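Residue numbers (our numbering): 502 to 848.
Glycine included, each C-beta is placed from N, C-alpha and C at the ideal position.
This structure is a prediction, so every number in the text was calculated from the model and none was measured.
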């Protein structure tokens, strides 16, 4: 899905959206203060997008005016959502209602810190969670959108792929890093839950990329250290790729690259461009500096959570040779960042 907001002119809002399936006519939901939700099909022909081959008919544009929302220029809160994906593509909001800031928060954990994210999200007009799970075109459209003055995006999208948009659209960039073995332990436990719990089967499709790792994780005997060693020595090549220093891959490599030691320095260079890089081991310090940058106590009282059993599995994995080999680059990257954070604390 790709989209663009041409403009909010007070008496009308114009834009367009091309679905992933170019034969589908896009449909929109408009939620406006004081009105019931309105659902309508694209009502403007965009011959330019048809000529580009982006849609089979060009019927992808929209205009929201008095015909849909009477006295629209006096309606202060309007949200436009793509009906097929549920993604909000534009929001008009009252002056002062939200922070005038674009923020991207990188967290490479498999399980997002939802409580922390909710504390931040309430201050922004548009919020996009786990954007690394969205298609490339959609993520680029969200980051490049000229209709967003207050947006908060989070997840672990490949930095090199989106760095230009993040920089050009002047996002404040923040990263919160986690000890690599601890992250691997929780990732394996989380994927085991998805595989074994009937109530989680409806979200399994969101992690289809991790299917080889789900298979590996569900077969582990996490209570037996010798069994863990044997499993990691005979790991499937596809699962190995998914576990291979994911943090270094996110910050220092192209999407299609295999992780190499030299990418640790690339990742450090890229992280040096961030407004703030913190670690979970110094979460309190991270929250204090974050709030100082934002100018508000958004993370006051924030805390981290993790799945039961993470500490125990982490202790088992910490001195297993094949695990250390898989995470070699991430362990080095985290050590360098941890050292830099310590020096910042002393300063």
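Leaving out five residues before and five after residue i in sequence, what residues of the same chain have Cβ atoms less than 6 Å from its Cβ?
i: residue 524; result: 557
i: residue 753; result: 764, 767 and 768
i: residue 814; result: 686 and 723
i: residue 626; result: 592, 594, 599 and 651
i: residue 771; result: 660 and 752
i: residue 688; result: 611
i: residue 732; result: 721
Within 10 angstroms of the Cβ of residue i, are there 16 or more other Cβ atoms? Answer buried if so, exposed if not.
i: residue 756; result: exposed
i: residue 615; result: exposed
i: residue 593; result: buried
i: residue 522; result: exposed
i: residue 512; result: exposed
i: residue 527; result: buried
i: residue 552; result: exposed
i: residue 671; result: exposed
i: residue 519; result: buried
i: residue 623; result: exposed
i: residue 653; result: buried
i: residue 820; result: exposed
i: residue 504; result: buried
i: residue 667; result: buried
i: residue 740; result: buried
i: residue 445; result: Residue 445 cannot be examined here, being either before or after the span of the chain that is shown, 502 to 848.
i: residue 508; result: exposed
i: residue 836; result: exposed
i: residue 510; result: exposed
i: residue 779; result: buried
i: residue 604; result: buried
i: residue 669; result: exposed
Assign residue i to one of three DSSP states: helix, strand, or coil.
i: residue 614; result: coil
i: residue 576; result: coil
i: residue 630; result: coil
i: residue 817; result: helix
i: residue 759; result: coil
i: residue 796; result: coil
i: residue 807; result: coil
i: residue 598; result: coil
i: residue 671; result: coil
i: residue 623; result: coil
i: residue 547; result: coil
i: residue 788; result: helix
i: residue 593; result: strand
i: residue 770; result: helix
i: residue 588; result: coil
i: residue 512; result: coil
i: residue 503; result: strand
i: residue 676; result: strand
i: residue 936; result: Here the chain covers residues 502 to 848 and nothing more, so residue 936 does not appear.
i: residue 653; result: strand
i: residue 643; result: helix
i: residue 777; result: strand
Note down, in chain order, each residue of its chain lying with its Cβ closer than 8 Å to the Cβ of residue i, except the 5 sequence neighbours on either side.
i: residue 601; result: 650 and 651
i: residue 609; result: 657, 678, 679, 684, 747, 748 and 751
i: residue 586; result: 502 and 639
i: residue 758; result: 750 and 764
i: residue 734; result: 823
i: residue 818; result: 682, 685, 686, 729 and 824
i: residue 737; result: 713, 716 and 717
i: residue 811; result: 683, 686, 687 and 690
i: residue 838; result: 678, 769, 772, 778 and 780
Might you give, ordered along the chain, the residues of its own chain that have their beta carbon closer than 7 Å to the beta carbon of residue i, omitting 5 neighbours on each side?
i: residue 640; result: 632, 658 and 663
i: residue 833; result: 765
i: residue 777; result: 675, 790, 791 and 794
i: residue 620; result: 799, 800 and 803
i: residue 534; result: 576, 577 and 578
i: residue 744; result: 685, 714 and 827
i: residue 566; result: 512, 513 and 573
i: residue 694; result: 701
Hey, would you say the C-beta of residue i is under 7 Å away from at least one heavy atom of the ligand FAD?
i: residue 659; result: The model depicted lacks the ligand FAD and carries no ligand whatsoever.
Would you check if there are 3 or more beta carbon pairs closer than 8 Å linking the region 640-648 to the region 790-806? Not touching, per the Cβ criterion.
Of all the alpha helix (DSSP H) runs that stay within the bounds of the region 679-751, which reach a length of 4 or more residues? List check, alpha helix (DSSP H) in window: 681-697, 712-719, 726-734 and 738-744.
With contact counted as at least three CB pairs below 8 Å, one residue from each stretch, are the region 527-543 and the region 577-592 in contact? Touching, per the Cβ criterion.
Determine contact between the region 780-787 and the region 838-847, defined as no fewer than three beta-carbon pairs at a distance below 8 Å. At 8 Å Cβ cutoff, the stretches touch.
For the 8 Å Cβ check, are there 3 or more pairs between the region 724-735 and the region 689-705? Below 8 Å, too few C-beta pairs join the region 724-735 and the region 689-705 to call them touching: fewer than three.
Extract the residue ranges of the beta strand (DSSP E) inside the region 515-571, only unbroken runs of 3 or more that lie entirely within it. Restricting attention to beta strand (DSSP E) runs no shorter than 3 residues, the region 515-571 encloses them at 528-533, 539-542 and 560-565, ordered along the chain.
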